[in-house]
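Going letter by letter, the sequence shown gives residues 432 to 532 in this note's numbering.
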Amino acid sequence: MVIIYLLAILDAVTAFVLATHVAFNWFSTEIVVYHAAYIILKGAIFALHDWASRIDILVGIYMLLVTFDVFSLSFITIFSVFWLLQKSVFTFIVPLAKIFF
432 MVIIYLLAIL
442 DAVTAFVLAT
452 HVAFNWFSTE
462 IVVYHAAYII
472 LKGAIFALHD
482 WASRIDILVG
492 IYMLLVTFDV
502 FSLSFITIFS
512 VFWLLQKSVF
522 TFIVPLAKIF
532 F
């Protein structure tokens, strides 16, 4: 169970890195590439059993494209950040909802 929370925290950090890299250019290319590789690897590991992991792979590929200035759209960036954030938030909210409801 701890690994699930760790992955959720890393997803939130990756969303922060993507958002701030696109908006403010805060993080270097290497850091964004590491986070993109993490998302792609995590998505590839779980892709056979979970459709959401396939979207993670697409988000990771998009992060690589944004990092190297190949392709970037505001709508896709916002979708990618919210995708990663909502997965993180739901990972922490669902166990609490099961306790109280």
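Here a beta-carbon is modelled for each residue, glycine too, at the ideal position from N, C-alpha and C.
Can you have a look at residue i and say buried or exposed, based on whether 16 or more other CB atoms are within 10 angstroms of its CB?
i, result
"residue 448", "buried"
"residue 436", "exposed"
"residue 525", "exposed"
Please state if the CB of residue j and the CB of residue i are separated by a distance shorter than 8 angstroms.
i, j, result
"residue 495", "residue 520", "no"
Grouping DSSP H, G and I as helix and E and B as strand, with all else coil, what is residue i?
i, result
"residue 441", "helix"
"residue 466", "helix"
Cutting at 7 angstroms between CB atoms, please list the residues of its own chain near residue i, excluding the five before and the five after it.
i, result
"residue 452", "458, 463"
"residue 523", "439"
Please report the Cβ distance between residue i and residue j, rounded to the nearest whole angstrom; I am assuming they are in contact, meaning their Cβ atoms lie under 8 angstroms.
i, j, result
"residue 471", "residue 486", "Actually they are not in contact, since the Cβ atoms of residue 471 and residue 486 sit about 12 angstroms apart, beyond 8 angstroms."
What residues in its chain sit with their C-beta under 6 angstroms from that of residue i, if we drop five residues either side in the sequence?
i, result
"residue 460", "498"
Given residue i, which residues of its chain have a CB within under 8 angstroms of its CB, disregarding the five upstream and five downstream residues?
i, result
"residue 468", "491"
"residue 516", "442, 443, 446"
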